[in-house]
Amino acid sequence: MNFRFLYFSLLLVLQHPVNAQSKQPPFTVNEIIDKIKQNVKPQWVTTKTDTIVIGNASDTVTGIATCMFADMNILERAVAAHCNLIITHEPIFYNATNTIPDFMKTDMVLKEKIAYIKEKKLTIFRFHDNAHRNDPDQILQGLADDLKWKIISTSPWILELKKETLTSFANDVRRHFNIEGIRVVGNPNLEVSRVGLVPGLAPTLQMHIGVLQRDDVDVILVGEAREWEDYVYTEDAVLQGKKKAAVFIGHLKSEEPGAKYCADWLKTFVNGTNIVFLKNDNYWWSPK
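Numbering-wise (the working numbering), the sequence shown opens with residue 32 and increments by one.
What follows is the structure, encoded as structure tokens:
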């Protein structure tokens, strides 16, 4: 036996250990998270938001489910799909900080949800800040891919479609997202073709009103906004004779295509693991 060869081979392995990128499945939760961190571009930024909210980092991953909101329906469908790692974009305990307020600690709805997660040995990883910081922004790129309109700009995101009336545009959007009702501010007969994307809840006025101010934007497609901001600004613009409009479709459906994008993105570097995107049902309905 060539002991000299074995010695140098072992030395080489010790100097260049197998990393999370080259390891073969099955993976632990931590190994999946490491892969995510290595593939966020330009680099992962540690935040209080993007972390394991509940579960065990050392558990072996049987499958991965991505979603927008990890509600009870999603948890049950993840279990049925044999996915014990759920990657959610938004909070699971009804609070943006991933913490449980004191007044909620004895809440029966929350306690039952936590009990189900523990019983089924699920791990919930929240992937929010770095999903937006990624290049491209997974939420905006996912929404643009889903709408299939021509991308004019990505800073801010502006898409172009064939010119149509605001009423026609709003109906197309409602049907596309299968939403029972949406909110529209603007002249129903206004012709629109340039759409500014403002999904979710934009944290600053610059990110939504600032987009609508632009000469090359006719209408903004918004997730949600405070009514004294976008709604009043758009209405004032209309009353002043300016050709502006806003369509509001809700936080969930405006950002959900990003969760699908996330699943497709994971498949490019997580091999041998079942990865599924789980679509949320709409939570609200309108009386007839």
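Cβ atoms here follow ideal geometry from the backbone N, Cα and C, with glycine treated the same way.
Please name the residue, chosen from the options, that lies closest to residue i on a Cα-to-Cα basis.
i, options, result
"L141", "I155, L153, D267, Y125", "Y125"
"T82", "K319, N61, N302", "N61"
"D160", "V110, K193, T119", "T119"
"D267", "F58, Q244, V301", "Q244"
"W315", "D261, S186, G212", "G212"
"F200", "I182, S184, T185, L178", "L178"
"T198", "P219, I105, P288", "P219"
"L283", "G272, E255, T299", "E255"
"N87", "A294, V223, K72, I64", "I64"
"H113", "K319, S317, P318, L309", "L309"
"E150", "E107, Q237, K66", "E107"
"F58", "P318, K319, F300, S317", "F300"
"V187", "V229, W180, L221", "A small fix is needed here, since residue 187 is Pro in this sequence, not Val. Minimum Cα distance to P187 is reached at V229."
Do residue i and residue j have their C-beta atoms within less than 8 Å of each other?
i, j, result
"I170", "H163", "yes"
"A290", "V250", "no"
"D247", "R214", "no"
"T210", "I148", "In the sequence as displayed, the identity of residue 210 is Ile instead of Thr. No. Outside cutoff."
"I306", "I95", "yes"
"V223", "E260", "no"
"Q69", "G303", "no"
"P234", "D166", "no"
"E121", "F100", "yes"
"Y292", "D176", "yes"
"R157", "N202", "no"
Going by DSSP in three states, residue i sits in which element: helix, strand or coil?
i, result
"S285", "helix"
"S224", "strand"
"C114", "coil"
"G217", "coil"
"E191", "strand"
"I63", "helix"
"T80", "coil"
"F158", "coil"
"V229", "strand"
"T198", "helix"
"I105", "helix"
"A146", "helix"
"G241", "helix"
Would you decide whether residue i is buried or exposed? Buried here means 16 or more other CB atoms lie within 10 Å of its CB.
i, result
"L297", "buried"
"G281", "buried"
"V204", "buried"
"P217", "As written in the sequence, residue 217 is Gly, which differs from the Pro given in the question. Result: buried."
"H239", "buried"
"D312", "exposed"
"K79", "exposed"
"Q172", "buried"
"K273", "exposed"
"E287", "buried"
If I'm right that residue i touches residue j with Cβ under 8 Å, what's the distance once you round it to whole angstroms?
i, j, result
"L174", "S89", "With a Cβ gap of about 35 Å, L174 and S89 do not count as contacting."
"N115", "T93", "5 Å"
"F279", "V242", "Contact flag wrong, Cβ pair sits at about 14 Å."
"G227", "I189", "5 Å"
"I117", "A109", "5 Å"
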